[in-house]
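Colleague: Below is the structure I would like to discuss, written out as structure tokens.
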Amino acid sequence: MRIIAIFKRIMTELRRDKRTLAIVFVAPLLILTLLFAILQNSSSVTARLGVYQVDQTIVNQLKKNDNLHLVSLKERKSAKESLMQYNLSAVITQKENQLTVTYQNADTSLTGIVKADLTKTVSGEQMSKLKSALAKVTKRTKPGRAISEINSGMTINENYIYRKSNSSLFISIAPVMVGFFVFFFVFLISGISLLHERTTGTLNRLLISPVKRYEIVSAYTLAYGTLAVLQTVIIVSYVFFVLGVQNQGSFVLVLIINIILALVALSLGLLVSTFAASEFQMIQFIPLLVVPQIFFSGIFNISGMNQIWQGVAKIMPLYYGDDALTNVIKKGASISGVWLDLVVLIGFAIILLVLNIVGLKRYRRV
Amino acid sequence: MEKVIELKNVDKHFGTNHVLNKISLTINSGQLVGLIGPSGAGKSTLIAAMLGMLRLDGGQVRLLNSDMPNRSALQNIGYMAQNDALYGNLTGLENLSFFGKLMGLSRSVLTDKIHLVSQTVDLQDHLDLRVNQYSGGMKRRLSLAIALLSDAPLLILDEPTVGIDPELRIKIWQELDKLHQQGKTVLITTHVMSEIETVDRLLMLRDGHIIADNTPTFLEKQYQVTNIESVFIKAGERYENNSHI
Numbered sequence: 032m033r034i035i036a037i038f039k040r041i042m043t044e045l046r047r048d049k050r051t052l053a054i055v056f057v058a059p060l061l062i063l064t065l066l067f068a069i070l071q072n073s074s075s076v077t078a079r080l081g082v083y084q085v086d087q088t089i090v091n092q093l094k095k096n097d098n099l100h101l102v103s104l105k106e107r108k109s110a111k112e113s114l115m116q117y118n119l120s121a122v123i124t125q126k127e128n129q130l131t132v133t134y135q136n137a138d139t140s141l142t143g144i145v146k147a148d149l150t151k152t153v154s155g156e157q158m159s160k161l162k163s164a165l166a167k168v169t170k171r172t173k174p175g176r177a178i179s180e181i182n183s184g185m186t187i188n189e190n191y192i193y194r195k196s197n198s199s200l201f202i203s204i205a206p207v208m209v210g211f212f213v214f215f216f217v218f219l220i221s222g223i224s225l226l227h228e229r230t231t232g233t234l235n236r237l238l239i240s241p242v243k244r245y246e247i248v249s250a251y252t253l254a255y256g257t258l259a260v261l262q263t264v265i266i267v268s269y270v271f272f273v274l275g276v277q278n279q280g281s282f283v284l285v286l287i288i289n290i291i292l293a294l295v296a297l298s299l300g301l302l303v304s305t306f307a308a309s310e311f312q313m314i315q316f317i318p319l320l321v322v323p324q325i326f327f328s329g330i331f332n333i334s335g336m337n338q339i340w341q342g343v344a345k346i347m348p349l350y351y352g353d354d355a356l357t358n359v360i361k362k363g364a365s366i367s368g369v370w371l372d373l374v375v376l377i378g379f380a381i382i383l384l385v386l387n388i389v390g391l392k393r394y395r396r397v
Numbered sequence: 069m070e071k072v073i074e075l076k077n078v079d080k081h082f083g084t085n086h087v088l089n090k091i092s093l094t095i096n097s098g099q100l101v102g103l104i105g106p107s108g109a110g111k112s113t114l115i116a117a118m119l120g121m122l123r124l125d126g127g128q129v130r131l132l133n134s135d136m137p138n139r140s141a142l143q144n145i146g147y148m149a150q151n152d153a154l155y156g157n158l159t160g161l162e163n164l165s166f167f168g169k170l171m172g173l174s175r176s177v178l179t180d181k182i183h184l185v186s187q188t189v190d191l192q193d194h195l196d197l198r199v200n201q202y203s204g205g206m207k208r209r210l211s212l213a214i215a216l217l218s219d220a221p222l223l224i225l226d227e228p229t230v231g232i233d234p235e236l237r238i239k240i241w242q243e244l245d246k247l248h249q250q251g252k253t254v255l256i257t258t259h260v261m262s263e264i265e266t267v268d269r270l271l272m273l274r275d276g277h278i279i280a281d282n283t284p285t286f287l288e289k290q291y292q293v294t295n296i297e298s299v300f301i302k303a304g305e306r307y308e309n310n311s312h313i
């Protein structure tokens, strides 16, 4: 079987290329660890907080926090709508002594800011109420009423639009990074490997044999698919079990998404390699084809962009991969929640693989 | 006699460079044919055209009774490229076994064949060495061994003896003569004029034209010289003079 012969050959070559293996398996872990260290601390950003029918004293207390920007809401709307419309990090509503906070929680560092300030404010409020209640107790010596007043202190009821969390920024971008590393390395290494075959003449030599074009592309897919599976298992395990990111969804589903993403990266790498004359030229495709995908992959929220840029995002494979990964890891989505992303990704892979098989006609017309 | 290679008006341009100028050529079964020409004459391009690896501007190629390009016809061709298309990270044995499997040889046949061809090219003691560590001559010999693996009726060898020392070159030619006697058709390109004296037929390619096509002895007589090197120079001069008129 020729596919198996080519597959085995690529695997043997990979196994002997110790440096590449080290980069593929160790570099992502190193970068993730660095990111983990850097992103543990929230930076000095301001959170926009919406308030609806909240006690003026509490509002005044909240206003004292520099890192909060308060927006008073006039109309009654669902928290989700208000969050969207005014681009808020959280919304607070009050019903008697019950404060209800709804965090948008897409950017968990903003959630952290609101949460810290709110707790501080409310406990300060309760402190002053306690003091005045104590004063009343000593004045009127009617303990029953005073105690009920102390008990009537504010309670906070918390809701989250996205996953319930007390997480750091790292956790919010971890799914994106997992997808990105697999995409990047598989793209680069598979592309350079085929390019190397082309420049050393072995691809030509390969084609002067009865091998079918699809057999070459299939063998490459199989070999780098295997590499991607190994890499994914290592990266994902590291992120979940060592760096402590909680996976709300299924581990297997995360693997499946990554493997499909790797398939797209592989076929894109192979295709792009035919337009490169050297390894260096292959590297030059990174700023063009890989870097923009990072921007649109979910590190930055694109829902605020105008329609054109949102359209641009939708032609990028990493956009779908990261959408699926984020949904599974952060929101615990099952396959029914991400199937559309997967279908789009598989579509990308099929189109690119077919283009590769056809593209080999440049070297041999049959 | 059966036609093994048949070219009709094969034409190819690279930009303004007319590499193959309406070449027509027939090579019959069992011939040992030498193809010589200055570098850049189009020898490798002609071979690529024969193998169907080139998009032609015009003309047809028939190889072993199939119109080229044809994938299954490649099964019956032992090919050795001018550049050593080998996998440097693999050992000699792994290279042989990989290309053998591509040619569709079964495992049992392959083991015997590898043993045989590696002795022919005197590499039997270096098969476990990575090709990266091979010398230039060893790489050539390994490429030749790969071409011989499939026992194909047609051998197309592009510069098989470059960088190979004289002793081994003689051995390789003895092997080619043996294959020739077994009835195989062999097309070989070379720069070494002295080794080509023994071929059945000599083709001289220049500027995309075949400027001489006959037995070495006939050509030596025609140009009134005693060796092929002089034929090569004289034929070249005559061609240059004619093309300038």
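Chain order of the listed sequences is A and B.
Heads up: the first sequence begins at 32 in the numbering used here, then just goes up one per residue.
Heads up: the second sequence begins at 69 in the numbering used here, then just goes up one per residue.
Yeah, the Cβ is synthetic: ideal placement off N, Cα and C, and Gly gets one too.
1) Taking one C-beta from the segment 323–340 of chain A and one from the segment 235–253 of chain A each time, how about it: are there three or more such pairs within less than 8 Å?
2) How close, in whole Å, do the beta carbons of Asn387 (chain A) and Ser298 (chain A) come, if the pair is a contact with beta carbons under 8 Å?
3) Taking 9 Å as the CB-CB limit, is Val242 (chain A) close to chain B?
4) Identify whether Leu197 (chain B) lies in helix, strand or coil by the three-state DSSP scheme.
5) Name the residue from A:Ile41, A:Arg33, A:Ile34 and A:Ile35 whose alpha carbon lies nearest to the alpha carbon of Ser221 (chain A).
6) Between the alpha carbons of Ser196 (chain A) and Val389 (chain A), how many angstroms are there, rounded?
7) Could you confirm whether any beta carbon from chain B is found closer than 9 Å to the beta carbon of Val399 (chain A)?
8) Just checking my contact of Gln69 (chain A) with Ser249 (chain A) at CB under 8 Å: how many whole Å lie between their CB atoms?
9) Would you say Asp275 (chain B) reaches chain A, if we count a Cβ-Cβ gap shorter than 9 Å as a contact?
10) Could you check the C-alpha separation between Leu141 (chain A) and Val132 (chain A) for me, to the nearest Å?
11) Excluding the 5 residues preceding and the 5 following Ile377 (chain A) in the sequence, name in chain order all residues of the same chain whose CB lies nearer than 7 Å to its CB.
12) Taking Cβ-Cβ distances below 7 Å as the criterion, which residues of the segment 109–126 of chain B are in contact with chain A?
13) Using the C-alpha atoms, what's the distance from Thr43 (chain A) back to Met272 (chain B)?
14) Which residue comes first and which comes last in the alpha helix (DSSP H) that contains Ile54 (chain A)?
15) Taking the alpha-carbon positions, what's the Ile232 (chain B) to Pro284 (chain B) distance?
16) Could you spell out where the alpha helix (DSSP H) holding Ser174 (chain B) opens and where it closes?
17) Taking 9 Å as the CB-CB limit, is Ala254 (chain A) close to chain B?
18) Tell me, please, whether the CB atom of Arg50 (chain A) is closer than 9 Å to any CB atom in chain B?
19) Run down chain B in chain order and give the residues with a C-beta less than 8 Å from the C-beta of Ile239 (chain A).
20) Taking just the CA atoms, how far does Ser203 (chain A) sit from Ile360 (chain A)?
21) Counting only runs of 4+ residues fully inside the segment 203–275 of chain A, write out the alpha helix (DSSP H) ranges in chain order.
22) Among all the DSSP beta bridges, which residues are the ones paired with Glu189 (chain A)?
23) Are the beta-carbon atoms belonging to Leu373 (chain A) and Gly300 (chain A) less than 9 Å from one another?
24) With DSSP run on the structure shown, which of helix, strand or coil describes Glu106 (chain A)?
25) In chain A, what lies closer than 9 Å to Arg269 (chain B) by C-beta?
26) Please confirm if Val397 (chain A) has its CB atom under 9 Å from at least one CB of chain B.
27) Assuming Ala213 (chain B) and Thr229 (chain B) are in contact, meaning their beta carbons sit under 8 Å apart, how far apart are those beta carbons, in whole angstroms?
28) Between the alpha carbons of Thr252 (chain A) and Thr263 (chain A), how many angstroms are there, rounded?
29) Pick helix, strand or coil for Ser211 (chain B), following the three-state DSSP scheme.
30) Taking Cβ-Cβ distances shorter than 9 Å, what residues in chain B pair up with Arg79 (chain A)?
31) Measure the C-alpha to C-alpha separation of Lys181 (chain B) and Val254 (chain B) and round it to an integer number of angstroms.
32) For Ala109 (chain B), count the other beta carbons within 10 Å of its own beta carbon; 16 or more makes it buried, fewer makes it exposed. Which is it?
33) Could you give the first and the last residue of the continuous alpha helix (DSSP H) run that contains Glu235 (chain B)?
34) Secondary structure at Met206 (chain B), three-state DSSP: helix, strand or coil?
35) Please list, in chain order, the chain A residues whose beta carbon lies closer than 8 Å to that of Asn157 (chain B).
36) I believe Thr113 (chain B) touches Leu122 (chain B) by the beta-carbon criterion, under 8 Å. Please report the beta-carbon distance rounded to the nearest angstrom.
Modeller: In this structure, then:
1) no
2) One-based indexing of the first sequence puts residue 387 (chain A) at position 356. One-based indexing of the first sequence puts residue 298 (chain A) at position 267. The Cβ separation is near 6 Å, so the contact holds.
3) Within the first sequence, numbered from 1, the residue matching residue 242 (chain A) stands at position 211. Output row for Val242 (chain A): interface = yes.
4) To locate residue 197 (chain B), count along the second sequence from 1; it is residue 129. If DSSP states are grouped into helix, strand and coil, Leu197 (chain B) belongs with coil.
5) Residue 221 (chain A) sits at position 190 when you count from the first residue of the first sequence. That would be A:Ile41, whose Cα lies nearest to the Cα of Ser221 (chain A).
6) For the purposes of this step, residue 196 (chain A) is taken as residue 165 along the first sequence, with counting starting at 1. For the purposes of this step, residue 389 (chain A) is taken as residue 358 along the first sequence, with counting starting at 1. Below a pLDDT of 50, predicted positions are generally treated as unreliable, and Ser196 (chain A), at 48, falls in that range; no measurement from the model is reported.
7) The structure shown has nothing for residue 399 (chain A), since chain A only spans 32 to 397.
8) In the first sequence, counting from the first residue as 1, residue 69 (chain A) sits at position 38. In the first sequence, counting from the first residue as 1, residue 249 (chain A) sits at position 218. For the sequence presented, residue 69 (chain A) should be read as Ile rather than Gln. Ile69 (chain A) to Ser249 (chain A), Cβ: 41 Å. No contact.
9) Here residue 275 (chain B) refers to the residue found at position 207 when the second sequence is read from its first residue. No, Asp275 (chain B) lies away from the interface with chain A (no Cβ there is under 9 Å from its Cβ).
10) The sequence position of residue 141 (chain A) within the first sequence is 110, counting from 1. The sequence position of residue 132 (chain A) within the first sequence is 101, counting from 1. Spanning the two alpha carbons is a distance of roughly 13 Å.
11) The sequence position of residue 377 (chain A) within the first sequence is 346, counting from 1. Taken in chain order, the residues that qualify are Ile291.
12) Leu119, Gly120, Met121 and Arg123
13) Sequence index remark: in the second sequence, residue 272 (chain B) carries index 204 (1-based). Sequence index remark: in the first sequence, residue 43 (chain A) carries index 12 (1-based). One C-alpha to the other measures close to 43 Å.
14) As a position in the first sequence, residue 54 (chain A) is number 23, starting the count at 1. Residues Lys49 to Leu70.
15) In the second sequence, counting from the first residue as 1, residue 232 (chain B) sits at position 164. In the second sequence, counting from the first residue as 1, residue 284 (chain B) sits at position 216. Going from the Cα of Ile232 (chain B) to the Cα of Pro284 (chain B) covers about 23 Å.
16) Within the second sequence, the letter at position 106 stands for residue 174 (chain B). First-last for Ser174 (chain B): undefined, no H or E at that position.
17) The residue labelled residue 254 (chain A) in the question sits at position 223 within the first sequence. No, its Cβ sits nowhere closer than 9 Å to a Cβ of chain B.
18) For the purposes of this step, residue 50 (chain A) is taken as residue 19 along the first sequence, with counting starting at 1. Judged by the 9 Å Cβ criterion, Arg50 (chain A) is not in contact with chain B.
19) By 1-based counting over the first sequence, the position of residue 239 (chain A) is 208. Ordered by position in chain B, the residues that pass the 8 Å Cβ test against Ile239 (chain A) are Leu119, Met121, Leu142, Ile145, Tyr147 and Ala149.
20) Along the first sequence, one-based indexing puts residue 360 (chain A) at 329. Along the first sequence, one-based indexing puts residue 203 (chain A) at 172. Ile360 (chain A) and Ser203 (chain A): Cα-Cα distance of roughly 9 Å.
21) 233–238 and 244–268
22) In the first sequence, counting from the first residue as 1, residue 189 (chain A) sits at position 158. A:Val132.
23) As a position in the first sequence, residue 373 (chain A) is number 342, starting the count at 1. As a position in the first sequence, residue 300 (chain A) is number 269, starting the count at 1. No; because the gap between Cβ atoms is not below 9 Å, this pair is not in contact.
24) As a working mapping, residue 106 (chain A) is identified with position 75 in the first sequence. Of the three classes helix, strand and coil, the one that applies to Glu106 (chain A) here is coil, per DSSP.
25) The sequence position of residue 269 (chain B) within the second sequence is 201, counting from 1. Neighbours of Arg269 (chain B) on chain A: none; closest Cβ ~23 Å, over 9 Å.
26) Walking along the first sequence from the start, residue 397 (chain A) turns up at place 366. True, the Cβ-Cβ gap to chain B drops below 9 Å.
27) Reading the second sequence from its first residue, position 145 is the one you call residue 213 (chain B). Reading the second sequence from its first residue, position 161 is the one you call residue 229 (chain B). Their Cβ separation, rounded to whole angstroms, is 14 Å, which puts Ala213 (chain B) and Thr229 (chain B) out of contact at 8 Å.
28) Here residue 252 (chain A) refers to the residue found at position 221 when the first sequence is read from its first residue. Here residue 263 (chain A) refers to the residue found at position 232 when the first sequence is read from its first residue. When rounded, the distance between both Cα atoms is 16 Å.
29) The residue you call residue 211 (chain B) lines up with position 143 of the second sequence. Correct three-state label for Ser211 (chain B): helix.
30) The residue labelled residue 79 (chain A) in the question sits at position 48 within the first sequence. Ordered by position in chain B, no residue passes the 9 Å Cβ test against Arg79 (chain A), which lies about 57 Å from the chain.
31) What you label residue 181 (chain B) is simply residue 113 of the second sequence in a count that begins at 1. What you label residue 254 (chain B) is simply residue 186 of the second sequence in a count that begins at 1. If you take the alpha carbons of Lys181 (chain B) and Val254 (chain B), they lie about 19 Å apart.
32) By 1-based counting over the second sequence, the position of residue 109 (chain B) is 41. So Ala109 (chain B) counts as buried.
33) One-based indexing of the second sequence puts residue 235 (chain B) at position 167. Pro234 to Gln249 is the span of the alpha helix (DSSP H), which, as asked, contains Glu235 (chain B).
34) Here residue 206 (chain B) is taken as the residue at index 138 of the second sequence, counted from 1. The answer is helix: DSSP assigns Met206 (chain B) an H, G or I state.
35) Numbered from 1 along the second sequence, position 89 holds the residue referred to as residue 157 (chain B). In chain order: Thr43, Glu44, Arg47 and Asp48.
36) Position 45 of the second sequence, counting from 1, holds the residue named residue 113 (chain B). Position 54 of the second sequence, counting from 1, holds the residue named residue 122 (chain B). Right, the Cβ-Cβ distance comes to about 7 Å (below 8 Å), so this counts as a contact.
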